[in-house]
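Going line by line, the protein sequences match chains B and U.
When the letters of the first sequence are read in order and numbered with my numbering, they come out as residues 33 to 927.
When the letters of the second sequence are read in order and numbered with my numbering, they come out as residues 33 to 927.
Ideal Cβ placement from N, Cα and C applies to all residues, glycine included.
I have placed the structure first, in the form of structure tokens, so that the comments after it can refer back to it.
Protein chains: 2
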Amino acid sequence: MSENKPRVLLFEEAVGLTKFELGGKGYGLVEMTRIGLPVPPGLNIPTYVCREYYSTGRFPDGLIDEVREKLRIIEERVGRRFGSTERPLLVSVRSGAPYSMPGMMDTILNLGLNDEIVKSLAGETRDERFAYDSYRRLIQMFGKIVLGVKDEKFDEIIEEHKKKLGIKHDIEISAEEWKKIIEEFKELIKKEAGIEFPQDPWEQLRMAIEAVFKSWNNPRAIVYRKTYNIPEDLYTAVNIQMMVFGNLGFDSGTGVGFTRNPSTGEKKLYGEYLLNAQGEDVVAGIRTPKPLEELKNELTQVYEELLRVSEILEKHFREMQDFEFTIQEGKLYLLQTRNGKRTAQAAVKIAVEMVNEGLITKEEAISRIEPNDLNQLLHPRIDPNVKSKPIAKGLNASPGAATGKVVFTADEAAELGSKGEKVILVRPETKPEDIHGMIAAQGILTSRGGMTSHAAVVARGMGKPAVVGAEMIKIDLDKEVFTVNGAQVRKFDVITIDGTTGHVYLGAVPTIEPELSGELQILLSWADEIRRLGVRANAETPAAARKAREFGAEGIGLARTERMFNAPDRLPIVYELIFAETEEERWNAVKKLLPMFKSDFKQIFREMAGYPVTVRLLDLPLHEFLPRMEELIQEVTELRIKAKSRKKGYKKAMKLLQEKERILKRALQLAEHNPMIGHRGCRLGITYPEIYRIQTRAILEAALELKKESVEVHPEIMIPLVSEANELSILRKIVEDEAEKVFQEYGDRIEFHVGTMIETPRAALTASEIAKVADFFSFGTNDLTQMTFGFSRDDAEAKFMAQYLGKKILSHNPFEKIDEKGVGRLVKIGTKEGKQANPKLIVGICGEHGGDPDSIRLFEEAGLDYVSCSPYRVPIARLAAAQARLKELAVKITV
Amino acid sequence: MSENKPRVLLFEEAVGLTKFELGGKGYGLVEMTRIGLPVPPGLNIPTYVCREYYSTGRFPDGLIDEVREKLRIIEERVGRRFGSTERPLLVSVRSGAPYSMPGMMDTILNLGLNDEIVKSLAGETRDERFAYDSYRRLIQMFGKIVLGVKDEKFDEIIEEHKKKLGIKHDIEISAEEWKKIIEEFKELIKKEAGIEFPQDPWEQLRMAIEAVFKSWNNPRAIVYRKTYNIPEDLYTAVNIQMMVFGNLGFDSGTGVGFTRNPSTGEKKLYGEYLLNAQGEDVVAGIRTPKPLEELKNELTQVYEELLRVSEILEKHFREMQDFEFTIQEGKLYLLQTRNGKRTAQAAVKIAVEMVNEGLITKEEAISRIEPNDLNQLLHPRIDPNVKSKPIAKGLNASPGAATGKVVFTADEAAELGSKGEKVILVRPETKPEDIHGMIAAQGILTSRGGMTSHAAVVARGMGKPAVVGAEMIKIDLDKEVFTVNGAQVRKFDVITIDGTTGHVYLGAVPTIEPELSGELQILLSWADEIRRLGVRANAETPAAARKAREFGAEGIGLARTERMFNAPDRLPIVYELIFAETEEERWNAVKKLLPMFKSDFKQIFREMAGYPVTVRLLDLPLHEFLPRMEELIQEVTELRIKAKSRKKGYKKAMKLLQEKERILKRALQLAEHNPMIGHRGCRLGITYPEIYRIQTRAILEAALELKKESVEVHPEIMIPLVSEANELSILRKIVEDEAEKVFQEYGDRIEFHVGTMIETPRAALTASEIAKVADFFSFGTNDLTQMTFGFSRDDAEAKFMAQYLGKKILSHNPFEKIDEKGVGRLVKIGTKEGKQANPKLIVGICGEHGGDPDSIRLFEEAGLDYVSCSPYRVPIARLAAAQARLKELAVKITV
């Protein structure tokens, strides 16, 4: 018996109950009632009654009597009576769960009408057509929602009548015609549901309440709860409320209001209304609602009442409200209020202004913005006002929208790009040697590869839009055309890609440029005051470094160096390195790269003057710089046949064959079964120390030369893929020896740090040993996730991740949001034991999770010192870090 | 001042000091002195004096005076005087660290001679030649060891003299000639070392003692200590002992004895001797020593004395002793004793017999056998008495020796094998479709691949000798020949491979068959009484299962099922499965495999009647069953050109092309970047549940049908590669649903368990969740090692493991001996948290570490329930488990 809590409450009696008891809608109605806003009187049956319904398996005994008792009070107050043919009281019945939930029963209006009472309503309102329209609406809604008769069947009947009469709109149907339709509706219900439409208003009410209870467990609602992790045991409340009518003439009406503009955030009442209409009519879309401002002229007093209401609502709820209202014969009634949905731009503006207005604190302002929503503000995006149908969808690998001509080779992209043309580079997948084309292109589209494919990683690093793994696109490189669903897209055709959604559009779809508004800057400055975590950027080009500074990064947490080997002018030297057989030959090869490397580093250091720059030494296996094995084998096979043929061109083929065979042979020697866990990272540094030596030299020579120009440089040298402390101590020695040589040669010194990525499980588990030879740790959570799960990311995302997420084996993709139980546990172990062993150790994270708000929460909890993410996520990370800090402080206070 | 401990002790004074103070040699001498054996009198300078030498950085003050004082006592006793020209006392100086250590100073003999004293010795012995030979030996040893003059330079001088005289052996050199040589030796020392050979015997002694101290830190000794983890701070003792001479005529001599036969273990005095010789002469190998039995005839009394000594030594040391002796003019002296090295066979026999003799306990017997040494007894091996030179060396992938004719295809191996011919299958690497050839062959030799390559894993599973990754071998499959170092080996040439060492021999090298001796069986039965860990076998054929039972396995801990898909008659059906596009098509394909699977399982279950059999459901990615991508591309490219050519056979080529293109297309679809961490294991089970359903069905139908024949079956179904509890709960449900169907159809039930491999770091870290849906865990430490380190085993062993071990980055290969800090920590976490969450959970390990004694120690400590290893390692594991238990109990008692 629900611990003797009242099962039915008047709105004014329910003050003090929580949203979990009253449901969202009920809570809003009760609060508005409490502060004296004009709410039609009504009752709330709290969620615990619904729980009782499920636990006992039957409709609660005596519940209807309790409803009757409370309704009597309302009847007295308004001078109407439910079920009476004189001055009948009509009610609506609406569900209201703690969280709004599509799929649950919504609303039944006009409850309390029957064949007799409808006549009384017609008499009282002197509007027969209104009365019978109201009655047929009740029968239709009741039939559909309570009795499960399909809506189309009702519509068919109405359509037949309109056809017969030769009319187009419902509004033209007369009272007499509605009476005929009502009879047919009742027949339909009898036939389909096997029972008569109940004439007893109390029976109507009982059945409607039970329908609300039942709707908690309808399949769509269950799926929705699973999807959004809403607990199964919250249940729904029921709201029973006196009907008011917006369709009683042109001093009546209905509408929705926002206390501020939900699109721009402007502090001004915003909304739409229709006179002589019910809420349904607005939804039906036959008549176009008018902007709320016009109401000022049509019903001035009501408009001013709305302004007053809007102010009261905001003061009370301390949040922008989205409310529904009805005007009945000049009188305003509020039917619902809730926190209003808004664009990211509006959210930021509103939060900042509310702080300035003294409505909320800075901490509240920060807590109210969903960090990921800022994404909308930080990249060019498809204009949301333009409706376009995408021709394909791939993975949303790097956010932002871009438009350009389709080209199929990196060379062509580079050529056109240098002429100022905008191009989209379309490839099955990209390779290191395509970099120049990727730089020149506006965006990248590939038909293969996952979220860490070359195209995806490089594009994200560049902040360039990319859609990858769009498998429905079939690319024919020879013919320079791609087909998708039968359509052909040729070279130089214009397409638009949206890396935020993964959509691909034909033609130029209008886009909007990002702007870092003044309000956002203020909000982020508050975030900076609150957060404990530092925020750095992953950046490896001067442009990216500049962007990162613009967005507030406090240094670079990851500067990859692969790009420095990939440039077309350097690949021949890298080949020399790959084919070298002795240490001396290798040293001679890499020495040639020194001036280029040094120039690269200088550019980045200049952009980040005064801030630390963490340079990761070469991580990729050497074979990544060679052509793909499949291509090589095909080429060599073809050349062999041609060379043997003794036909035209065979001598040339023989010569080329020799060269290709040499490359193939080396590629076969270097080939690996599982390159992700193969001969890369520090393992390269140990087997080919020359590479790390030259990189160290380039970094420190660059730093020393800038020092002469009074540019402040804080280089941090980061060794990748360490799994054992000895690896780091050997490489640290190599780095320090080379540094000493450089210092001797330059007659000057500079402070620098040496640290390591923590990206293998063993590195985290042996952090106490590694910390003794490291100045800093940086968690590489991409690789750490791969190894902790044993998931090769590219393979997992192509082969089984979709099924894993669909079947809820994983609640989220662990490459996007950090896996707390496995990877997160290792991050905590590594941080704690590392800092214990070396109290000066600085600990950061530079995997993609560094820009994910949920993951940042864990990094705050684990006690990291900073996160590092792509430049375009820096503002998101700043905000998320502040939120994480606030939550962490709350936890500490609670504990 | 070393806490006032005496710095020089007479042997008889040193009783009670430990081996760590006296060194191994000193301890033996002191003990022998104590029990009254004839030891030449002497002094020991304990290790702590050497420690003092290093801590103060100089030769200890007054040490020589203390030596002098103690030596006086010996002088009195023997009636000789050190440094006197009358009845001079000569001494030897020898180092003696707690562990014998190559690279340290060994011995200087004849100390105390100089230009004058040598004359006295000549007079006293009436053997001038002996005296001057002794003197030149002193100068030579002193020059070499104390003064660092190269030995060759001394030898050159002797050789010149012999050449000049036209003689061959040192023994022919006269006293006069030695005198000349001595003069030249002294010149040499002056020239090379810059000082005169010291004529003062006390100076000789001081310098010799210091040389012993210094030798503790010579580079070879340091490397040796690092290699064998011998602590740096043990230091060495010095032994100074009166010289006795075995070269004073034919009633003198020298020899070594073993208290039992070190080769067979037979309880009988064994050894060798030479009359009229010094120890050096035995080593020089010019004269061949005689078996000790012959001494019975030559010097009966001494022989009997030796028998008595042998018995006393064993009683005292309770171990088989290896001792050195010298006979001087009919009197026996013992110069050294230590525990004797022995073959595995001897070790077992001796240990068991000593228990029976009441000398030692069963626990001691068990502790004394190095489990890995049993390997020698469990596989056929190259006869150690035959000297053969290998033509190549590869990885010792699967132990044992095998001889046969070389064949280059699996088909040919199978064909010849079926005719009873012995063949060795030689391939660049093996593939699943080669299985029939591998079964038929005596052994496998590959030129590519590491310790977990297909060839290695399958061969170990079969207990079949294999040498893999012998890269020096160049195989030409077309010509059916392989070349190595210029030599050619053709098809049908006979070779012998030794999988225990990795050697390959030309021709048939004699081998010895293994025998599980009665003593070994007794020893293992004692081990079984002591051990707590269960021992199971990894076996997937009836033959392997039978072998496992023979060797004492208590069930199968890992029956892989890949073999059941690989057989040539099944591959066409597996292709159907691979090319199927719907669940129904896949089910129709796998259904055809049911009778074959069932028959496989029945055979294994029958062999293991009464014991658990853990069947691992399919783990390999599907593309492993397709041909290699490289081959496919080459074939398709060739066929395309041929099909286009319109030349002879182009129509056939077109048809074949179609089929090959179909396969290539599918292979490309299924191809993975990192298959080791890709779409395999339970991920296959989730995406293609049909496969696990049919396997479950086959297991349970087989079990139920055997139940009718009263064969007791305990099936355990094991899901591989789980990293998240949900994976296991979904698959457990699929398995249980299928089981229920089978039980319904058969109208009978059988108990079975469902469990999982723990082989991803995340599985270990989330063991508390996984344990709730598992009946058992089995650590797959091969994969767990790969993922914890981020080492792809094949790639690591081919590319950088050798350097990592060489540079001591890793102290051992973690795929052979478990990595305690990383992988071991995960094993402990997984076991502890798994058992806490589910107290009924059974935890085992089935990676290769299951047969490694050091790893077994960790598994005992971690509280596992059993280990599972290859059948041939079962006896090793039984012994190692007993030793681990004894150590664990010792730790518990200490703690």
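- 7 Å or more divides the Cβ of Ile874 of chain U from the Cβ of Asp851 of chain U.
- The continuous alpha helix (DSSP H) containing Lys579 of chain B extends over residues Pro574 to Glu582.
- Interface annotation, Thr788 of chain B: not in contact with chain U, CB-CB separation never under 7 Å.
- By the Cβ-count criterion, Thr50 of chain U is exposed, with fewer than 16 other Cβ atoms from all chains shown falling within 10 Å of its own Cβ.
- For secondary structure counted as the beta strand (DSSP E) over 3 or more consecutive residues, the stretch 532 to 558 of chain B holds these complete runs in sequence order: 535 to 538.
- Taking a C-beta distance under 7 Å as the contact criterion, Ile762 of chain B and Val786 of chain B do not qualify as a contact pair.
- Your pair Phe440 of chain U and Glu512 of chain U checks out as a contact, with CB atoms roughly 5 Å apart and the cut at 8 Å.
- For Phe611 of chain B, the closest Cβ of chain U is not nearer than 7 Å.
- At a cut-off of 7 Å, the C-beta of Arg618 of chain B has no neighbouring C-beta in chain U.
- The stretch 797 to 863 of chain B is shown to contain whole beta strand (DSSP E) runs of 3 or more residues at 808 to 811, in chain order.
- Contacts with chain U at 7 Å (Cβ-Cβ) do not include Met483 of chain B.
- Taking 7 Å as the cut-off, the Cβ atoms of Tyr724 of chain B and Leu658 of chain B do not count as close.
- His844 of chain B has a beta carbon lying at 7 Å or more from every beta carbon in chain U.
- Taking CB atoms only, Phe811 of chain B has no neighbour in chain U less than 7 Å away.
- Taking a Cβ-Cβ threshold of 8 Å, none of the residues of chain U is close to Ile203 of chain B; the smallest such distance is about 52 Å.
- With contacts defined as CB atoms closer than 7 Å, Ile140 of chain U and Val125 of chain U qualify as a contacting pair.
- Counting only residues of its own chain and dropping the five nearest sequence neighbours on each side, Ala796 of chain U has a CB closer than 6 Å to the CB of Ile790, Leu858, Ile861 and Gly862.
- By a beta-carbon distance limit of 8 Å, Gly289 of chain U contacts Gly303 of chain U. Their separation comes to about 4 Å.
- With a threshold of 7 Å between beta carbons, His535 of chain U makes no contact with chain B.
- Within chain B, the residues whose beta carbon sits less than 7 Å from that of Arg857 of chain U are Leu797, listed in sequence order.
- Taking the C-beta atoms as reference points, Leu366 of chain B is found no nearer than 7 Å to Leu54 of chain B.
- Residue contact with chain B for Pro644 of chain U: absent (no Cβ-Cβ distance below 7 Å to any residue of chain B).
- Here Met819 of chain U really is in contact with Gly822 of chain B; their C-beta atoms are around 5 Å apart, less than 8 Å.
- Annotated as proximal: Glu639 of chain U and Pro574 of chain U, with beta-carbon spacing under 7 Å.
- For Ala540 of chain B, same chain residues with a beta-carbon under 7 Å away, outside a window of 5 residues either side, are Thr435, Val526 and Thr528 in chain order.
- Taking C-beta separations shorter than 6 Å and ignoring five residues to either side along the sequence, the partners of Glu801 of chain U in its chain run Ala757, following chain order.
- CA-CA distance, Thr646 of chain U to Ser902 of chain U, rounds to 14 Å.
- In chain order, Asn845 place their CB closer than 7 Å to the CB of Met833 of chain B, counting only its own chain and leaving out the 5 sequence neighbours on each side.
- Counting only residues of its own chain and dropping the five nearest sequence neighbours on each side, Leu324 of chain B has a CB closer than 8 Å to the CB of Gly287, Gly289, Leu301, Tyr302, Gly303, Glu304, Tyr305, Tyr335 and Leu338.
- The Cβ-Cβ distance between Leu410 of chain B and Tyr904 of chain B falls below 7 Å.
- For Arg340 of chain U, the enclosing alpha helix (DSSP H) starts and ends at Thr332 to Phe349.
- Under the 7 Å criterion on CB atoms, Asp826 of chain U is classed as interfacial with respect to chain B.
- In the three-state scheme derived from DSSP, where H, G and I count as helix and E and B as strand, Gln474 of chain U is classed as coil.
- Here the C-alpha atom of Lys683 of chain U lies approximately 7 Å from the C-alpha atom of Ala675 of chain U.
- Within chain B, no residue has its CB atom less than 8 Å from the CB of Lys679 of chain U, the nearest being about 11 Å off.
- Taking one beta carbon from each stretch, the stretch 190 to 207 of chain U and the stretch 238 to 258 of chain U have fewer than 3 pairs nearer than 8 Å; the two do not touch.
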